[in-house]
Amino acid sequence: MKKTRFAFLLMALLMALTFAFPAIAEEEGNDPQYPTVILEGNPTTGYTWNATVEDEAVIAVEDDGFASNAEDENITGAGGFQRFELIGQAEGYTTVTFAYARSWEEGVTPVYELVYDISVDSDLNVTIVSTTFIVGEE
1 MKKTRFAFLL MALLMALTFA FPAIAEEEGN DPQYPTVILE GNPTTGYTWN
51 ATVEDEAVIA VEDDGFASNA EDENITGAGG FQRFELIGQA EGYTTVTFAY
101 ARSWEEGVTP VYELVYDISV DSDLNVTIVS TTFIVGEE
(Lines of atoms letter the chains of each structure in order from A; the text may use other names.)
(Lines give C-alpha, C1' and ligand atoms only; values in the text may rest on other atoms or scores of the structure.)
Protein backbone atom coordinates (compact mmCIF):
# COMPACT_ATOMS: atom_id res chain seq x y z
CA MET A 1 0.00 0.00 0.00
CA LYS A 2 2.82 2.39 0.88
CA LYS A 3 4.60 1.68 -2.45
CA THR A 4 1.38 2.41 -4.33
CA ARG A 5 0.82 5.60 -2.35
CA PHE A 6 4.43 6.70 -2.90
CA ALA A 7 4.18 5.96 -6.64
CA PHE A 8 0.98 7.97 -6.87
CA LEU A 9 2.52 10.78 -4.83
CA LEU A 10 5.57 10.87 -7.07
CA MET A 11 3.43 10.80 -10.22
CA ALA A 12 1.16 13.57 -8.91
CA LEU A 13 4.17 15.70 -8.05
CA LEU A 14 5.73 15.17 -11.47
CA MET A 15 2.42 15.96 -13.15
CA ALA A 16 2.01 19.08 -11.04
CA LEU A 17 5.37 20.31 -12.23
CA THR A 18 4.39 19.65 -15.85
CA PHE A 19 2.78 22.97 -16.58
CA ALA A 20 3.34 25.27 -19.53
CA PHE A 21 4.65 28.72 -18.69
CA PRO A 22 3.13 31.64 -20.59
CA ALA A 23 4.43 32.23 -24.05
CA ILE A 24 4.05 35.72 -25.48
CA ALA A 25 2.40 35.58 -28.89
CA GLU A 26 4.26 37.69 -31.40
CA GLU A 27 1.75 37.35 -34.21
CA GLU A 28 -1.16 39.77 -34.49
CA GLY A 29 -4.46 38.47 -33.17
CA ASN A 30 -2.96 35.81 -30.92
CA ASP A 31 -3.60 36.04 -27.18
CA PRO A 32 -0.78 35.09 -24.83
CA GLN A 33 -1.08 31.59 -23.41
CA TYR A 34 -1.57 31.15 -19.70
CA PRO A 35 0.10 28.59 -17.45
CA THR A 36 -1.66 25.25 -17.39
CA VAL A 37 -1.62 22.83 -14.47
CA ILE A 38 -2.20 19.19 -15.42
CA LEU A 39 -2.85 16.77 -12.54
CA GLU A 40 -3.24 13.02 -12.64
CA GLY A 41 -6.37 11.58 -11.08
CA ASN A 42 -9.18 9.07 -11.30
CA PRO A 43 -12.68 10.46 -10.70
CA THR A 44 -14.19 6.94 -10.73
CA THR A 45 -12.75 6.60 -7.20
CA GLY A 46 -14.68 9.68 -6.11
CA TYR A 47 -11.50 11.76 -5.84
CA THR A 48 -11.13 14.88 -7.99
CA TRP A 49 -8.88 17.92 -8.00
CA ASN A 50 -10.61 21.15 -6.94
CA ALA A 51 -9.08 24.62 -7.01
CA THR A 52 -9.49 27.31 -4.36
CA VAL A 53 -8.28 30.82 -5.15
CA GLU A 54 -7.33 33.13 -2.29
CA ASP A 55 -7.99 36.34 -4.27
CA GLU A 56 -10.28 35.83 -7.27
CA ALA A 57 -9.77 39.45 -8.32
CA VAL A 58 -6.14 38.59 -9.24
CA ILE A 59 -6.52 35.24 -11.00
CA ALA A 60 -9.20 32.93 -12.38
CA VAL A 61 -8.81 29.16 -12.60
CA GLU A 62 -10.59 27.52 -15.50
CA ASP A 63 -11.20 23.78 -15.14
CA ASP A 64 -10.85 22.30 -18.62
CA GLY A 65 -12.15 18.94 -17.44
CA PHE A 66 -10.87 15.38 -17.36
CA ALA A 67 -9.17 13.41 -20.14
CA SER A 68 -8.50 9.68 -19.97
CA ASN A 69 -5.04 8.29 -20.59
CA ALA A 70 -4.77 7.60 -24.33
CA GLU A 71 -3.77 3.95 -23.81
CA ASP A 72 -6.59 3.36 -21.28
CA GLU A 73 -9.24 5.36 -23.11
CA ASN A 74 -11.63 2.40 -23.60
CA ILE A 75 -11.17 0.92 -20.12
CA THR A 76 -13.93 1.66 -17.61
CA GLY A 77 -12.52 3.17 -14.41
CA ALA A 78 -9.18 4.13 -15.93
CA GLY A 79 -7.36 7.19 -14.68
CA GLY A 80 -6.35 10.26 -16.60
CA PHE A 81 -5.67 13.95 -16.16
CA GLN A 82 -7.47 17.10 -15.06
CA ARG A 83 -6.35 20.32 -16.73
CA PHE A 84 -6.61 23.78 -15.18
CA GLU A 85 -5.72 27.07 -16.87
CA LEU A 86 -4.52 30.03 -14.76
CA ILE A 87 -5.84 33.31 -16.19
CA GLY A 88 -4.61 36.67 -14.95
CA GLN A 89 -7.39 39.11 -13.99
CA ALA A 90 -5.54 41.97 -12.29
CA GLU A 91 -2.03 42.83 -11.16
CA GLY A 92 -1.24 41.28 -7.78
CA TYR A 93 -0.16 38.26 -5.80
CA THR A 94 -2.32 35.36 -4.62
CA THR A 95 -2.38 31.68 -3.78
CA VAL A 96 -4.17 28.87 -5.59
CA THR A 97 -4.62 25.56 -3.78
CA PHE A 98 -5.50 22.36 -5.63
CA ALA A 99 -6.94 19.67 -3.32
CA TYR A 100 -7.40 16.00 -4.27
CA ALA A 101 -10.39 14.85 -2.22
CA ARG A 102 -13.93 13.50 -2.33
CA SER A 103 -16.33 16.44 -2.48
CA TRP A 104 -18.92 14.86 -0.19
CA GLU A 105 -16.49 14.16 2.66
CA GLU A 106 -16.66 17.23 4.86
CA GLY A 107 -14.00 17.86 7.48
CA VAL A 108 -11.62 15.29 5.94
CA THR A 109 -8.06 16.28 5.08
CA PRO A 110 -7.45 16.02 1.30
CA VAL A 111 -5.22 13.15 0.17
CA TYR A 112 -2.96 15.66 -1.62
CA GLU A 113 -2.73 19.42 -1.88
CA LEU A 114 -0.70 21.53 -4.27
CA VAL A 115 -0.28 25.15 -3.26
CA TYR A 116 0.87 27.64 -5.89
CA ASP A 117 1.97 31.16 -5.00
CA ILE A 118 1.21 33.24 -8.07
CA SER A 119 2.14 36.68 -9.30
CA VAL A 120 0.27 38.55 -12.03
CA ASP A 121 1.97 41.55 -13.63
CA SER A 122 0.37 44.68 -15.12
CA ASP A 123 0.16 42.95 -18.54
CA LEU A 124 -1.73 40.08 -16.85
CA ASN A 125 1.15 37.65 -17.39
CA VAL A 126 0.98 34.88 -14.81
CA THR A 127 4.09 33.63 -13.02
CA ILE A 128 4.14 30.71 -10.60
CA VAL A 129 6.49 31.90 -7.87
CA SER A 130 6.55 28.75 -5.74
CA THR A 131 4.91 25.36 -5.36
CA THR A 132 4.28 23.37 -2.18
CA PHE A 133 3.13 19.73 -2.23
CA ILE A 134 1.32 18.48 0.88
CA VAL A 135 0.49 14.85 1.60
CA GLY A 136 -2.59 14.31 3.77
CA GLU A 137 -3.09 11.58 6.32
CA GLU A 138 -4.35 8.11 5.43
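Start counting the sequence shown at 1; every next residue gets the next number (my numbering). Note that CB positions come from ideal geometry on N, CA and C, so glycine has one too.
task: Count the other CB atoms, across all protein chains shown, that sit within 10 Å of the CB of Trp-49; report buried if there are 16 or more and exposed otherwise.
output: buried
Next on the checklist: Do Ile-87 and Ile-59 count as a contact pair if the criterion is CB distance below 8 angstroms?
Outcome noted: yes
Residue range of the beta strand (DSSP E) that Thr-132 falls in? 126 to 135
Problem set entry | Contact check, Pro-110 vs Gly-80, beta carbons under 8 angstroms | It is not a contact, given that the beta carbons lie outside the stated cut-off.
Coil, strand or helix - Thr-95 by DSSP: strand
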